[in-house]
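Reading through the structure tokens given below for one structure.
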Amino acid sequence: MKKIFSLLMMVILTTMITACSSGSLKPKTVPKDDNANIYVEAVPNLPKGFMFGVDISSVIALENSGVKFYSFDGKEQDIFKTLAEAGVNYIRVRIWNDPYDAEGRSYGGGNCDIKNAAVIAARAKAYGLKLFVDFHYSDFWADPAKQMSPKAWADMEIEQKAIALEQFTIDTLKEIGKGGVIGMVQLGNETNNAMSGENKWINISVLMNAGARAVRKYDKNIKIAVHFTDPHQGRYVNFAQYLKNFEVDYDVFASSYYPYWHGTLKNLTAQLLLIKERYGKEALIAETAYAYTEEDGDAFGNTISDSRGQAYPFSVYGQARSLRNVIAAASDAGAIGVFYWEPAWIPVGTDYNANFAKWEQFGSGWASSHASEYDPKDAGMWYGGSAVDNQALFDFNGYPLPSLNVFKYAKNGAAMRENFIDAIPDIELTQLLSAPRALPETVSAVYADGSEQAVPAAWNHAQLDAVNALGDYVIDGMAGGTAIKCYLSIEDKNYIVNGDFEDVNMRMWNVSGSVSVSGHIERRTTDPRSGEASFHFWDSEPLNFTVTQNITGLPPGIYMLAAYLHGDKGGPDAECFIFAQAGQVYERADIRLEGYKNFQQAIIHFEAGESGSITVGFTVKCAAGGWGGWDDFKLFKVG
Ligand code: CA
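Note that the numbering used here has the sequence shown beginning at 49, numbered continuously upward.
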């Protein structure tokens, strides 16, 4: 999608304002602030004392790298002051035990040791901001895919590890508490599957209770949180039940919520309400974020860079709506707060080589090369800069975006004086080869306040007329004065059953191969190319599996088999391919893992003989840590 800067927009804008004054298109909120530069729909019934938080754990490393932050009126200013002015009242900071190699070189990711947290705590206190301490209980990143024990605890038995964890927790709180105000503490980070190298709940709970003991001993007024992710998987009740079974002492059940991956807001609210009702725990959104641009600012690729199919435009206004709606979903669940993740992890510069030197020296990238020894499979292969600079609430140069003010306006709402077209999303269409070729006469324009209106679209007829065979096409168009695209798929009768994996019944697919206990090869509602589901795989061990489908009753002729794959970290020797076997004829097409949601297509043409029976399928052979998803298998008769 593209932003609008044209004369034609002025025409549409004028039309829209006229419509507005006649009452057919109203801003959703009453203006509360004539200087508002953002639309924020008021969140009804926001709980008292709601935590408007941000996690800016990397900020000191960024400042050391030369990054400067500015106020809303463009003056260089302490970022903590700017955050406080924008309605932020809480700062989250992650703690790694020892994020350094044997020679004392930082693993990067912001050098998030106790010292870093103490500096952040003191700077936060100066502006009345409380601290939410996020213990990863690891020497580097902890998430559902990795929960490595700190080096110093690696060989300990569970009892010994619990003693060490309790001591580390109390030492850390004492150090941070000297200059800061600790309001809440989190025991482990996204501990869905493990914590601190332990993957059995009986052991995880021993460690969590050791942490809880330390917190209660230090200050009984501090809230204790546990933190999980993937609300769309519906496992929160299981986690809460494990914690109850093992009598873990905590107050708050916290969730991550990233709109690209984690299902609907309605489901998020429902999952958190369930925990509240069944287990009497408070709820919290410990992490959320949304992109405001598809651009990358620091020459190191971003986690999310394609706005196609996403819930809001990748714009400042879309980002603001996402954050506002997460706050509303949290409020609906009676949650105590929402924390935005790393809204200040902006570029340290634009040139890759200069940036790389800074990431290595100051630890201001997500990982440095020095993390390789501790985390060889992930950081060791992919170290670099910020993968979230396009999801920040500051622009690439350190100026606050209007969306930062969502915190300030959430309670009462705000509206700008003017409304205007913010974005026109590209469209995706599937048509049968035999159908007449035509594209929509209008497309939906999204306004800055989130309302939508149809605007006329003009398409490139030469491109459309050239569409005469099965396949995927891109047709250029213009709407509202801006360039748009139609992604057009031309299809025919698809002989593959459940090739898009939307049906939960997977009996037509035969899976051979095995995974470790932590891995999976299965249909999942995770990162589909289309619809809701795809065939997903991941394992901490090397993978080698094949999935096939037998098809009978095919009319003799030439067929085309096509499928899509995305994924990453398969290693240099990864082999992923689709294949088709009809009698003695065997055809195969290889496909590469080119990154998250960067779907690649493989195509095979082959002949089906008189028997009308064929076997089609796909194979994955990849290194430990490899992951990906297959989707949209199609088998068309083309001759
Ligand atoms: Ca980047």
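Every residue gets a Cβ at the ideal spot worked out from N, C-alpha and C, and that includes glycine.
Three or more C-beta pairs below 8 Å linking the stretch 125-144 and the stretch 85-95: no
What does the alpha-carbon distance come out to for the pair S492 and A531? 13 Å
Close-in-space but distant-in-sequence residues of the same chain around D551 (CB under 6 Å, 5 per side omitted): none
Residues bridged to Q649 [DSSP beta-bridge criterion]: Y612
Taking only three categories from DSSP, how would you classify D524? strand
6 Å CB neighbourhood of N598 in its chain, flanking five on each side removed: T663
Cα-Cα separation between N257 and D146, rounded to whole angstroms: 22 Å
Is DSSP giving Y138 helix, strand or coil here? strand
Mapping DSSP to helix, strand and coil, what is I644? A small fix is needed here, since residue 644 is Tyr in this sequence, not Ile. Residue state, collapsed to three classes: strand.
Mind checking whether the beta-carbon of F180 lies closer than 7 Å to any heavy atom of ligand 1? no
Could you tell me the boundaries of the alpha helix (DSSP H) in which I218 lies? 206-225
Is it buried or exposed, A506, if we count other Cβ atoms within 10 angstroms and call 16 or more buried? exposed
Rounded straight-line distance, which links the Cα of S661 to that of G601: 6 Å
Please determine whether the Cβ atom of F442 lies at a distance below 7 Å from any heavy atom of ligand 1. no
How about F627 and Y634: are their beta carbons less than 8 Å apart? yes
Within the present structure, is the beta-carbon of A109 separated from the nearest heavy atom of ligand 1 by less than 7 Å? no
Who are the Cβ neighbours of G236 in its own chain at under 6 Å, not counting the five residues just before and after it? Y185, M243
Can N350 be considered in contact with ligand 1, in the sense that its beta carbon sits closer than 7 Å to one or more heavy atoms? yes
Classify F294 as helix, strand or coil using the three-state DSSP reduction. coil
Starting from A531 and walking both ways along the beta strand (DSSP E), at which residues does that stretch end? 530-539
Taking the DSSP output, what are the residues bridged to K123? Partner(s): none; K123 has no beta bridge.
Just to check, is the beta-carbon of G446 closer than 7 Å to a non-hydrogen atom of ligand 1? no
Please state whether the Cβ-Cβ distance between T336 and V396 is less than 8 Å. no
For K163, the first and last residue of its enclosing beta strand (DSSP E): K163 -> not in any beta strand (DSSP E); alpha helix (DSSP H) instead, spanning 162-173.
Following a CB-centred definition, is A337 positioned closer than 7 Å to any heavy atom of ligand 1? no
At which residue ranges does the stretch 585-632 contain complete beta strand (DSSP E) runs of 3 or more residues, listed in the order of the chain? 591-599, 605-616, 623-630
CB Y360 to CB R372, shorter than 8 Å? no
So, at 8 Å on beta carbons, what are the nonlocal neighbours of D437 in its own chain, with the 5 sequence-adjacent residues on each side left out? D344, G345, D346, N350, W393, I394, P395, F444
Taking the Cβ atom as the reference point for each residue, do V167 and P391 lie within a distance shorter than 8 Å? no
Taking just the CA atoms, how far does I544 sit from K425? 36 Å
Leaving out five residues on either side along the sequence, give the residues of the same chain with a beta carbon under 7 Å from the beta carbon of T277. P192, E238, N240, S303, S304
Tell me whether V215 is buried or exposed, calling it buried when 16 or more other Cβ atoms sit within 10 Å of its Cβ. The sequence shown places Gln at residue 215, not Val. The residue is exposed, with fewer than 16 neighbouring Cβ atoms inside 10 Å.
Check whether the Cβ of G433 lies closer than 7 Å to any heavy atom of ligand 1, and answer yes or no. yes
How long is the line joining the alpha carbons of A415 and G433, rounded to whole angstroms? 7 Å
Beta carbon of F188 nearer than 8 Å to that of A427: yes
Select from L213, L441, F583, S253 the residue whose C-alpha is nearest the C-alpha of H568. F583
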